[in-house]
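Here's the structure, in structure tokens; my notes come after.
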Amino acid sequence: MTVAATRTTTRTQGQRAPGLVSKPKQGWLSKAVLYVIMSVLAIMFLLPLIWMIGSSLKPEADVLAVPPTFLPLHPDWSNYAEVFRIIPTYFWNSVKLATLNVSGILITSSLAGFAFGRLRFWGRNFFFMVVLSTAIVPGIVYLIPQYILFSKIGWVDTHYPLWVPRVFTPVFATFLMRQAFITLPQELEDAGRIDGSSTFGIYLRIMLPQTKPTLAAIGMFTFLDSWNDLFGPLIFLNTPSLQTLPVAMAEFQTQYFTRVSLLMAAATISVLPVLVIYLLAQRYFIQGITTSGLRG
Amino acid sequence: MTALQLGAKRARRSPRRSRWRRNIEGWLFIAPVILGILVFQFAPLLVSIYASLTDWDGLSPARFVGLNNFKTLFTGDSLFITTLRNTAYFTIGTVPVSIAVGFGLALLCNQPIRGVAIFRTAYFAPFVTNIVAIGFVWFYFFQPTDGVLNGILGVAGIHGPAWLSSSSWVMPALISVSVWQGVGYPMIILLAGLQGIPVELNEAATVDGASRFRRMRSITIPLLTPQFFFLSITQFISSFQVFGLIYVLTKGGPGHDSTVYIYYLYQNAFAYGKMGYASAMAWLVFVLIALVTLVQWKLQKRWVFYG
């Protein structure tokens, strides 16, 4: 962001030698062209989502009209009432799992990240390599033996397989937390030691509050993964009342195949929490992607 | 034990005690993650290696068959080759286009105009949207007669194909949805890269008379090669493992025209109960991904520029 800002100022100062074959100043015309291009693209990216929300507010007969329309003339909320009648359990199952995953991963990854980033103990580098080494194996390789393990201990068709293994193997998050703790100043830690804080106290009261942006980024990633997960619930759950929103929706599709407006209301409900959180915290989210992406 | 004795003991063993204390503290902090990795990743990995050498439905006792599963894959399962081919089609169709379009969007979003964050948010929105909702929408967009897409094409006088039920159009349709949904990620990575390029470089080149095209070719693209390299690896890995899109839009059809590798693996394991066979497939995909990544890693010397 800062670089972009600097660039703007240098450009407007117009420090180029005159008469060169170079890009002219950002005139109003090129700006207008830019806005048009970017708006057309934005519409292309948002159109399916607009159609989704629009259709959820239409009477069924209007949804697949030819030629297609995107916004309803008279918004009709009855689809939402009906979806809410059908889905409450699925919605709450998704909320429950997302909450367990987010809070659990924040705890385990920040504990481990703190130790790897700030404590000196025997085997630290070795154990960190152990953590990182698991990242190169694709998830699918673990999945079948995990399924066998969970069926042996009676966890298939419970919610445990959808949060316990994730909370205790936060490889990516541990890496991010370690980076966050490493960059904190030593003085902060020393001050805590002089005050007689225990190591845990230093972690919890002094260092952890300094890593809020990273915690926010990890929280968002985890929420997204958990909320949007299709594969896990599909494999591990059989009982309908335990099912999460994405799988339940995929089932709806076969059941309510002909009621498109109802399906779109369900889809909108499943997307809205994510979009709201993304809009509120996108700064952290993008920061998380860029820092982790480039160093991973 | 009296206080005096305790004190004496502590004094004598102090350096050692504190070192052990430090070690134990560290281990306690990492214990949840290390134990989790042992139980949920390392142990399953060993089971998986063994399972790939057996004929096993996951319930009855496993029967050891050596390398038979791998032999069957390569010689006795024509569907395996089909799914590999479909996966290659999907990956080759998705990865370069996503990176190229992502680069274009990143260039646009790097322009110094007001409200650029709104556009960036719009381009990125499909990325955070769940695949089932996306599947719903595109399912109706792709309908042959009353679908939205063919409706729009119809206005332009074009008679659109039956997308998802057409042998030749199903993969291009899936690739388009995949690019549309995922392109926000390369955009963000490349945008961060663009903003890291020192302004002075472009200024100096401009002073030297370099055209916009020349600056793109000689400054921007070389300086972004680490990002392009990173994306070529990560996008390959995720495209090769595509599942959700196939599950919600086509279930592998028509015929087996969109049955990709992981979807076939899923069917083997959880529909046909062939856990041993599916484990062999899982290991094979791991080896394949590792090999391609290794090749990409070796090739990076030829084109990746670290300033």
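Chains as they are written, first to last, in this note's numbering: chain L, 19 to 314; chain S, -16 to 290. Heads up, the beta-carbon is just placed ideally off N, CA and C, and yes, glycines get one too.
Cα separation between residue i and residue j?
| i | j | result |
| --- | --- | --- |
| S/G9 | L/V189 | 17 Å |
| L/F270 | L/V294 | 24 Å |
| L/S57 | L/F63 | 10 Å |
| S/T104 | L/L297 | 8 Å |
| S/G256 | S/G41 | 7 Å |
| L/L91 | S/W266 | 54 Å |
| S/A71 | S/V84 | 20 Å |
| L/R136 | L/T192 | 13 Å |
| S/V78 | S/S221 | 9 Å |
| S/N133 | S/I117 | 18 Å |
| S/L67 | S/G236 | 15 Å |
| S/I20 | L/A60 | 42 Å |
| S/G59 | S/F253 | 21 Å |
| S/F124 | S/Y246 | 23 Å |
| L/G306 | S/R195 | 32 Å |
| L/I212 | L/I125 | 26 Å |
| S/S151 | L/F186 | 44 Å |
| S/G176 | L/L52 | 21 Å |
| S/L88 | S/A108 | 13 Å |
| S/V231 | L/N246 | 13 Å |
| L/S169 | S/L206 | 50 Å |
| S/W121 | L/P66 | 7 Å |
| L/A116 | L/P163 | 24 Å |
| S/K281 | S/L174 | 26 Å |
DSSP puts residue i in a beta bridge; with which residues?
| i | result |
| --- | --- |
| S/R46 | S/D38 |
Which residues in chain L sit within 9 Å of residue i, going by Cβ to Cβ distance?
| i | result |
| --- | --- |
| S/Y123 | W69, S73, V81, L82, V278, L281, M282 |
By the criterion of Cβ-Cβ separation under 9 Å, what are the contact partners of residue i in chain S?
| i | result |
| --- | --- |
| L/S169 | G41, L42 |
| L/W245 | N113 |
Between residue i and chain L, is any beta-carbon pair separated by less than 8 Å?
| i | result |
| --- | --- |
| S/G9 | yes |
| S/M258 | yes |
| S/N69 | no |
| S/V30 | yes |
| S/Q94 | yes |
| S/R200 | no |
| S/G134 | yes |
Against residue i, what residues of chain L qualify as contacts under a CB-to-CB distance less than 7 Å, listed in chain order?
| i | result |
| --- | --- |
| S/V268 | P156, I158 |
| S/L248 | I158 |
| S/V231 | A268 |
| S/A105 | A60, F63, L64 |
Name, please, each residue of chain S whose Cβ falls closer than 8 Å to the Cβ of residue i.
| i | result |
| --- | --- |
| L/F186 | P15, V16, L18, G19, I20, V22, F23 |
| L/M267 | V115, A116, F119 |
With a cut-off of 8 Å, does the C-beta of residue i fall near any C-beta of chain S?
| i | result |
| --- | --- |
| L/L248 | yes |
| L/I304 | yes |
| L/Y296 | yes |
| L/A11 | Only positions 19 to 314 of chain L appear in this structure, which leaves residue 11 of chain L out of reach. |
| L/P258 | no |
| L/P93 | no |
| L/Q261 | no |
| L/K49 | yes |
| L/T117 | no |
| L/L38 | Confidence is the limiting factor: at L/L38 the pLDDT is only 42, short of 50, which leaves the residue's position unreliable and the question unanswerable from this model. |
| L/A130 | yes |
| L/K41 | With a pLDDT of 48 at L/K41, under the threshold of 50, the modelled position of that residue is not reliable, and the figure given next carries that caveat. L/K41 counts as touching chain S. |
| L/G32 | Its pLDDT being 40, under 50, L/G32 is placed unreliably in this model, and the value from its coordinates should be taken loosely. With 8 Å as the cut-off, L/G32 does not count as an interface residue toward chain S. |
| L/R223 | no |
Mind reading off the beta-carbon distance from residue i to residue j? Whole number of angstroms is fine, and I expect it under 8 Å.
| i | j | result |
| --- | --- | --- |
| S/V225 | S/V243 | 6 Å |
| L/A133 | S/I13 | 5 Å |
| S/S241 | S/N69 | 6 Å |
| S/P209 | S/V287 | 6 Å |
| L/V278 | L/E100 | The pair is not a contact, with the Cβ atoms about 13 Å apart (cut-off 8 Å). |
By the criterion of Cβ-Cβ separation under 7 Å, what are the contact partners of residue i in chain S?
| i | result |
| --- | --- |
| L/M56 | L91, F102 |
| L/T308 | I171, I172, A175 |
Determine the chain L residues that contact residue i at a beta-carbon separation under 8 Å, and present them in chain order.
| i | result |
| --- | --- |
| S/G227 | L248, F249 |
Please check if any C-beta of chain A sits within less than 8 Å of the C-beta of residue i.
| i | result |
| --- | --- |
| L/L242 | Considering every chain present, this structure includes no chain A. Its protein chains are L and S. |
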